[in-house]
Amino acid sequence: MPENAPVTPHQVAHPGNPSPQTCIQVARQAAIRAVTAADDAMTAMCRSRSGAAVRLEAAMYAAHKEAVGAEGHADRAKRYADDPTMPSSAPLYCARAAVGHAVRAQLAAGAETTAVL
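Residues 855 to 971, numbered by my numbering, are exactly what the sequence shown covers, in order.
Rendered as structure tokens:
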């Protein structure tokens, strides 16, 4: 190989790891679950009486913050899977992070935790 040839690592899935496409799907599903939890928290806050409004508002903001994080990781999983310069583990990292955000969004919203690591 010539000295000035660019070196691009190959995207090879390690044995036992999910494919980049599976990671993208998991991350996207986690983002959907996080957004649903944030929407549910907002609906609960809007319907609440003044006594619970402060607590529900805090839950709504926490769930929204986590939903934004989950969506960001889902977007990055797709971008990283398409980028040959990224390590093959990048989509898996993003999927795990998106699921973590989804779990925290569901917990903050007081929803059933359906996103699991």
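Note that the Cβ used here is the ideal one computed from N, Cα and C, for glycine as well.
Per DSSP, reduced to three states, the secondary structure at residue 940 is coil, with no helix or strand assignment.
For the 7 Å CB-CB criterion, residue 958 and residue 920 form a contact. Between residue 917 and residue 963 a beta carbon distance of about 4 Å is seen, short of the 8 Å cut, so the two are scored as contacting.
DSSP places residue 965 outside both helix and strand once states are collapsed to three, so it counts as coil.
The beta carbon of residue 880 sits closer than 6 Å to those of 949, all from its chain and outside the five residues before and after it, given in chain order.
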